[in-house]
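What follows is one structure encoded as structure tokens, with my remarks underneath.
Residue numbers (UniProt numbering): 1 to 505.
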């Protein structure tokens, strides 16, 4: 077999292996925690001195700290990204911003993310994860500072849009490199779960914003207040503005906290790989340009990217606009915020559960994705019929059912996002995970941007029923596309071969 010959060539005189079941645990953590530096080596450099290049697989407890810092940074990014849409009613009253303008704030992030993803991942591949995290967190802090300037000066939305362009750099880093962090620091049995924490932490932060925004403002703004904004007292408007200030300062403080943690300790990679299969993977350094060509010519990968964009990105966009989407039903900003928060929290919990299941049921990722999409399609169909008034219910019953259906839709269509990343890395192997994750990120944000772009059309801006129907149509298309993808798991096969001892000495 070609794969086994590859193992043989790499194993001869290059590395000394230990079985995955006996990976050494580094309990003493002898390496310094500060000023840790690692420079990526090419294959030639790795093999220049065989005696120096012998390695063993080890697991480091510090990997949990890195996952925590990465996840907290993702939470902060999600919170900042979704600060404004849950406050749309407050912003209309306080600053007289239009719903269309507010909906385009996340668009600035998605555009920048799409533009910088490829060059940023090139630099991460050259410089390492620490470099990328520093670039990302500095961009997040600077963008938050511009948001604070915006609300304290002339309140021009253009200053805010510039700040969110910088936040797009952070989005690119965090969305693209989750799989790279997991494969660099975690063994095969924890890899999908680690990717889930990295990827879904942004969604966790977005869900948090549904609560922190409306409740940090400390003012209840109803749908009737928006309709009668010209009759509101100045005292009420001032209290809304003060609440918006508190929310922005909370975002800035959270970003600064993450910056301190990243600066303190976030190495690019461990001294020893986390698994034996990674020993081989580390030596197969794929050229960036050649790797990109390989991915763009991979028909199976392109179909999977299209499916990921159709499901996860449209649902994320749909959830961030829940306050606007449910306003015609008479659901106020606070109630819509709780619906959005509960949906994203359930989505985050669902992603962790499904990722753990995928870690144990190897080579079943495609099947799990399709089952969850089917579940989500049923729920979004019923919800669309309620919004269109094909199903008429009493107001209280309608709110409860909308609450449950939104949660189920989010869990079904978006908790599978980590599986999309991992399955893409399998299909794109041996190209590095960072580059594959970058393409998944671009696919997701492009579809997000297209979804927000529809809101600029006057007909769609005045009638929001299209939001749920579009989400349903995209999910159906993705479900059908997945039938054309063949199950292929070379990274898992490599790990299984090691465990079974199918490697020549």
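Glycine residues also receive a C-beta, built at the ideal position from the N, C-alpha and C atoms. All figures in this text were calculated on a predicted structure; none of them were measured in a lab.
- Nearest C-alpha to residue 190 among 485, 156 and 356: 356.
- In this structure, the alpha-carbon of residue 152 lies about 44 Å from that of residue 373.
- Counted as a single uninterrupted DSSP element, the beta strand (DSSP E) harbouring residue 59 occupies residues 58 to 60.
- A direct Cα-to-Cα measurement between residue 247 and residue 79 gives close to 10 Å.
- Taken in chain order, the complete alpha helix (DSSP H) segments of 4 or more residues contained in the segment 269 to 339 are 276 to 283, 288 to 296, 299 to 308, 314 to 320 and 322 to 325.
- Taking each of 413, 92, 77 and 122 in turn and checking the Cα distance to residue 232, the smallest one comes out for 92.
- Separation of residue 110 and residue 413 (C-alpha to C-alpha, rounded to the nearest whole angstrom) is 20 Å.
- The beta carbon of residue 121 sits closer than 7 Å to those of 176, 434, 435 and 438, all from its chain and outside the five residues before and after it, given in chain order.
- For a cut-off of 8 Å, the C-beta gap from residue 213 to residue 337 is around 7 Å, short enough to register as a contact.
- Contact between the segment 197 to 215 and the segment 81 to 88 is established, with three or more Cβ pairs separated by less than 8 Å.
- Proximity of the segment 394 to 414 to the segment 316 to 328 meets the contact definition, three or more beta-carbon pairs being nearer than 8 Å.
- With contact defined as three or more Cβ pairs closer than 8 Å, the segment 303 to 312 and the segment 466 to 480 are in contact.
- In the DSSP annotation of this structure, the continuous segment of the alpha helix (DSSP H) that includes residue 471 starts and ends at 466 to 482.
- Between residue 359 and residue 192, the C-beta spacing is below 8 Å.
- If you ignore the 5 residues before and after residue 102, its C-beta comes within less than 7 Å of the C-beta of 84, 85, 88 and 91, all in its own chain and listed in chain order.
- By the CB criterion at 8 Å, residue 491 and residue 385 fall outside the cutoff.
- If you draw a 10 Å sphere on the C-beta of residue 330, you find fewer than 16 other C-beta atoms in it, and that means exposed.
- The segment 481 to 490 makes no contact with the segment 450 to 467, as fewer than three CB pairs between them are under 8 Å.
- Here residue 456 has 100 as same chain residues with Cβ atoms under 7 Å from its own Cβ, once five neighbours each way along the sequence are excluded.
- Look at the beta carbons and you see the segment 124 to 141 touching the segment 161 to 175: at least three pairs across the two are nearer than 8 Å.
- The DSSP-derived three-state label of residue 489 is coil.
- Nearest C-alpha to residue 198 among 77, 379 and 128: 77.
- Ranking 465, 56 and 240 by CA distance to the CA of residue 389 puts 465 first.
- For residue 452, the uninterrupted alpha helix (DSSP H) run begins and ends at 433 to 454, by DSSP.
- Here the alpha carbon of residue 405 sits roughly 22 Å from the alpha carbon of residue 307.
- Distances from the alpha-carbon of residue 297 to those of 391, 428 and 155 put 428 closest.
- Annotated three-state conformation of residue 104 is coil, per DSSP.
- Membership of residue 251 in the alpha helix (DSSP H) is indicated by the continuous run 234 to 264.
- The residues 464, in chain order, have a CB closer than 7 Å to that of residue 328 in the same chain once the five nearest residues on each side in sequence are set aside.
- Pairing residue 226 with residue 241, the inter-Cα distance amounts to about 15 Å.
- Here DSSP, grouped into helix, strand and coil, assigns residue 419 to helix.
- Only residues of its own chain outside the window of five on either side were considered, and among them 163 and 252 have a CB closer than 8 Å to the CB of residue 145, listed in chain order.
- The three-state reading of DSSP puts residue 381 in helix, counting H, G and I together.
- In the DSSP assignment, residue 216 falls within the alpha helix (DSSP H) that extends over 188 to 216.
- Ranked by how close their Cα comes to the Cα of residue 243, the residues 254, 217, 221 and 258 have 217 in first place.
- DSSP places residue 184 in the uninterrupted alpha helix (DSSP H) bounded by 178 to 185.
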